[in-house]
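The structure under discussion appears below in the form of C-alpha cells.
2 protein chains.
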Amino acid sequence: MYVTIIDIAKALGLSKSTVSRALSGEKGNVSPETARLVIETAERMGYKRNELAVHLRKRKTMTIGILVPELVTSFYSTFIAHAQQILRPKGYRTIVALSNEDIFWEKSNFDLLSDSRVDGILISTCNDKANVEQYSAFIQRNIPLVFFDRTIKGLDCSSVRSNDYKAAFFLMEHLIYKGRKRIAHLAGPDHIRNSADRFQAYIDTLSKHGIAYDPSLVLKEGTDRAGGATEVTFLLEHGIPFDAVFCFNEMQAIGAEEVLLRKGFRIPEDIAVASMYGTEVSTLVHPAVTSVEKPVARMAEEAVRLILRQIDAPLSPAEEVIIPSEMVIRESS
Amino acid sequence: MYVTIIDIAKALGLSKSTVSRALSGEKGNVSPETARLVIETAERMGYKRNELAVHLRKRKTMTIGILVPELVTSFYSTFIAHAQQILRPKGYRTIVALSNEDIFWEKSNFDLLSDSRVDGILISTCNDKANVEQYSAFIQRNIPLVFFDRTIKGLDCSSVRSNDYKAAFFLMEHLIYKGRKRIAHLAGPDHIRNSADRFQAYIDTLSKHGIAYDPSLVLKEGTDRAGGATEVTFLLEHGIPFDAVFCFNEMQAIGAEEVLLRKGFRIPEDIAVASMYGTEVSTLVHPAVTSVEKPVARMAEEAVRLILRQIDAPLSPAEEVIIPSEMVIRESS
DNA sequence: AACGATTGCGGGAACGGTTGCGGAAATAAA
DNA sequence: TTTATTTCCGCAACCGTTCCCGCAATCGTT
C-alpha cells in the first residue's frame, strides 16, 4: 500500500541510510547527484514518509493537542483556527479533542492526547476542581501544558486568560453609570473560575457604588439561550423588580432579550442588557447586545508562544499571561 | 520522561513479551497472577503505552482525519462532535484539519492527514474541481476516503450529502405558493457543487411555474453577512424590483434582512426571505429566517458508517448516500 | 610519493511496542 | 512411569525511520 525507503534503496541499489539522508535534505553526507536521483525516484514511486516511524525514532510528534469544552461557541473554533495558523508554518500539526463540558470526557480525552504522545497540550478546562491531580502529574513529568481562558488556580503551569474580574467590573460600572440600580446577574456555573470572578466583580461593583446586594437578583439556571429566558421569566413572575441584566454569556443575554421583548419591555429604556463573552452573534440580534469581547487572536498567539517555549525549554518557569478584553457598547444598554 | 514496557520488565525480571501480553489483556498466554502483578506495577510506575510504536507495528493508527472548509458555521463543528461521539467508543480518534475555503490549504492539509497515516479521511471539499487527481490517486491506493456535504462528481468513492436540488426546489415552491413572482437568488460560488445544484433548482422551479428567468436577479457577491447586504443593496439601488430573496446560506439571509429592515421594508409582507443551510442562528434574528436545515446528525452517522465499512472491507463498492433535509418555515416568509 | 583530511556510503543499533515460534515445566492421560 | 497435552514464558524478528560509527576512495598538502 505504501512505498518505504527500503523499496527505494532496493530499486537503486543503495542503502536505506543513504536514501534517508537524501530524502531528509541532509547536506554533506550524500553526493548531490545521488540525492537528486533518490528524490526523483521517490517522487516517481509515490513515496510518502511514514511520520509514525519518524516520530517514534525522534521521540517527538510535532503535534499539539487542543482540548476544549465545546465547538459551538465561535470562541473556541476561532481560537483553534488561529492556533493552527501559527503552528502549521512551524511544522506543528494540531489535534482537537472535546470535553463536552463533562469532566469524564475531559479526563478521557486528555488521556487520549497524552497517549498519542503529543508534544504539548493546550487546554480550556470545563471544571476548575476536577482532574487536578492528573494535570499536576502531567506537569511533574515535565510535559508541556498550557491552560487558556478557563484556567485552574494553583497549578505550576503557564496559562493565558483575559481579566474577567476587571472586565465584569467595567461592564457593571457601565450599567451603573447608565443609572441602573437593580441589576440582575445571570451567573455561570460555580465550577468555572471565570464565573466566580465575574460574580465577585458583580458584588464589588455594587458595594463600591453603595448599592445593596440582593441575592434574589442572582440566578443560575443555565448558561444557554433557554437558561437566560427561564431566569428572566422567573424574575418577572415573582415580581422581583430589575432594570438591567448582567449575563454570563451572550446566549443567555439573547434568551433574556427575547422574553423581555415579548413581554413588552423596551431595551434598553426599561431594562438594559449586557453580557460577557460576546462574539459576532451579539450583533445579530436586535437590540444588539453590549458585551465584552474576548481577545481570541491574542490569546491564541500567547498560548502558542507559551507551549512552544515549554517545548523548546522544558524547564522555563510558568508564566501567567492576562490579556485585557474589550467592552463594546451596543444598543442594548 | 515516559516509562516503557522494558522498564517494567526489568523491574519485575520478566521479558517484555510477557509484559506486553499482560498489558494488552491477552488471555491464556500469561498466568493470572503475573498479569495482575504487571498491571499493578505498570499503574504504580505511571506507565502509558506508546501508541506510536503500536501503530507502527500494527500498521494501523486508529485515527480518522476530518477535513472541513471552516469551523465557524456550526454545521461543521456539530458534524465533528457527532462523528467523534460515534467513533470514540469504537476506539477511533479523530484529527481535524481546516482548508479555510482555500484549495492550497486543502491540499496541504490533506497531505498532512495522509502523511500521518490516518486510517481514513472524511472530507468536505472547498472546490469541486480542485485536487481531484490527488483524491483519485488516494482512492486508487485503496485508502478509505468519504466525501460529505460538499462532494465531487465522478469519483469512485463513497459520499453522503443532502439533496440540495430537491430542498432548493421545495424552498422555491414555498415562496411561489406565497405568491412571489420576482425571486432574487443570492447564489453561492460556482466551484461548489451544492451551489450549482441550488441554482439549477432555482431555474427549474421558475420554469415549472411559468415564471420568466431574469438573470439580473441572480447575484454572487459573497456568501457571508456582508455579501447578502451588498447584494440586496445593489438590487435596491439599481431599481430592480423583487418580492422575495432566496439565499445560499443563512448569514447571507441575515445580511439581506438587515438592509431591508433598515430601508423600511416589511418582512415578509413586502419581501420574503428564505435560505438554505440554516442552523440555530436562523432563529436568533427577527424575523426568524425560513430555512432548510441540514440533517447533520444523520450525515455524520452515515459518513462514519461508510468510512468504517471501507476500513473493514477495503474493496466494498462506493455508495452514494443522500439524506433528505427538512424545511422549517419561519417568520420571514 | 606519502600522509592526513574530507567525502560518500553502508552496517547496524536504536525508538517501543507486537507476535509467531519454540521450549521448559506443570498437568493430564495412558 | 511414560507419553501427550497444556500452560506460561522468552527469543527474536518486525514495523519504517534516524543516526552514530566505520571504512574506502578521493582530495589537498608538503
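Note that the protein sequences, when read in sequence, are chains W and E. So the first sequence is residues 1 to 333, counted in our numbering. So the second sequence is residues 1001 to 1333, counted in our numbering. Every residue, glycine too, gets a C-beta built ideally from N, C-alpha and C. Fair warning: this is a prediction, and the values are worked out from it, not measured in the lab.
- In the structure shown, the three-state DSSP call for HIS55 of chain W is helix.
- Residue-level contact by beta carbon fails for SER316 of chain W and chain E, as no gap is shorter than 7 angstroms.
- Separation of PHE1104 of chain E and SER316 of chain W (C-alpha to C-alpha, rounded to the nearest whole angstrom) is 37 angstroms.
- Of the candidates W:VAL259, W:CYS247, W:ARG266, W:ARG262, W:CYS247 places its Cα closest to the Cα of ALA274 of chain W.
- Contact annotation: TYR1092 of chain E and ILE1123 of chain E have beta-carbon atoms that are not nearer than 7 angstroms.
- Shown here, ALA196 of chain W sits in a helix according to DSSP, grouped into three states.
- Of all residues in the region 1046-1065 of chain E, only GLY1046, LYS1048, ARG1049, ASN1050, GLU1051, LEU1052, ALA1053, HIS1055, LEU1056, ARG1059, THR1061, THR1063 place a beta-carbon less than 9 angstroms from a beta-carbon of chain W.
- Pairing ALA1201 of chain E with TYR1165 of chain E gives a Cβ-Cβ distance under 7 angstroms.
- ILE1008 of chain E has its alpha-carbon roughly 8 angstroms from the corresponding atom of VAL1038 of chain E.
- The Cβ of HIS1082 of chain E sits no closer than 7 angstroms to any Cβ of chain W.
- Neighbours of ASN1142 of chain E across chain W, judged by C-beta separation under 7 angstroms: MET1.
- Taking the beta carbon of ARG1262 of chain E as reference, no residue of chain W falls within 8 angstroms; the closest one sits roughly 11 angstroms away.
- With respect to the C-alpha of ILE1240 of chain E, the residue from E:HIS1286, E:ASP1190, E:PRO1324, E:ILE1183 having the closest C-alpha is E:ILE1183.
- Excluding residues up to 5 positions away in sequence, VAL292, MET327 lie with their Cβ nearer than 8 angstroms to the Cβ of PHE170 of chain W in the same chain.
- Where LEU1112 of chain E is concerned, the enclosing alpha helix (DSSP H) starts and stops at 1103-1115.
- Think of a sphere of 8 angstroms around the beta carbon of ILE103 of chain W: no beta carbon from chain E falls inside it, the nearest being about 16 angstroms out.
- Within the same chain, Cβ atoms closer than 8 angstroms to the Cβ of GLN134 of chain W are found at LYS107, PHE110, the five residues on either side in sequence being excluded.
- For ALA1168 of chain E, no pairing in a beta bridge is given by DSSP.
- In this chain, the beta strand (DSSP E) harbouring ALA244 of chain W covers 244-247.
- A Cβ-Cβ contact shorter than 7 angstroms links ILE66 of chain W with VAL96 of chain W.
- With its beta carbon less than 7 angstroms from one in chain W, HIS1286 of chain E belongs to the interface.
- Looking only at W:GLY120, W:GLY179, W:ALA130, the smallest Cα-Cα distance to SER158 of chain W is reached by W:GLY120.
- Contact between ALA53 of chain W and LEU1056 of chain E holds: CB atoms are separated by about 6 angstroms, below the 8 angstroms threshold.
- In the DSSP assignment, ARG309 of chain W falls within the unbroken alpha helix (DSSP H) covering 296-312.
- In the three-state DSSP reduction, LEU1315 of chain E falls in the coil class, being neither helix nor strand.
- Classified as exposed, ASN1029 of chain E has fewer than 16 neighbouring CB atoms from the shown chains inside 10 Å of its CB.
- Taking C-beta atoms under 8 angstroms as the contact rule, ASP156 of chain W and ILE139 of chain W qualify, at a distance of about 6 angstroms.
- When the alpha-carbon of ALA1011 of chain E is set against those of E:PRO1032, E:MET1045, E:THR1073, the nearest one is in E:MET1045.
- With respect to the C-alpha of ALA1083 of chain E, the residue from E:ILE1329, E:VAL1304, E:ALA1313 having the closest C-alpha is E:VAL1304.
- Scanning its chain for C-beta atoms nearer than 8 angstroms, with the 5 sequence neighbours on each side dropped, one finds around PRO189 of chain W the residues SER195, LYS220, THR223, in chain order.
- Within the same chain, Cβ atoms closer than 7 angstroms to the Cβ of LEU1175 of chain E are found at ILE1183, ALA1244, PHE1246, ALA1272, ALA1274, SER1333, the five residues on either side in sequence being excluded.
- Three or more Cβ pairs drawn from the region 1255-1265 of chain E and the region 1232-1239 of chain E lie within less than 8 angstroms of each other, which places the two stretches in contact.
- Closer than 9 angstroms at the C-beta level to chain W, one finds no residue of the region 1266-1277 of chain E.
- Identification of residues in the region 109-127 of chain W having a C-beta nearer than 7 angstroms to some C-beta of chain E yields LEU112, SER114, ASP115, SER116, ARG117, given in sequence order.
- Rounded to whole angstroms, the gap between the alpha carbons of ARG1141 of chain E and LEU87 of chain W is 30 angstroms.
- By the CB criterion at 7 angstroms, PHE75 of chain W and MET299 of chain W fall outside the cutoff.
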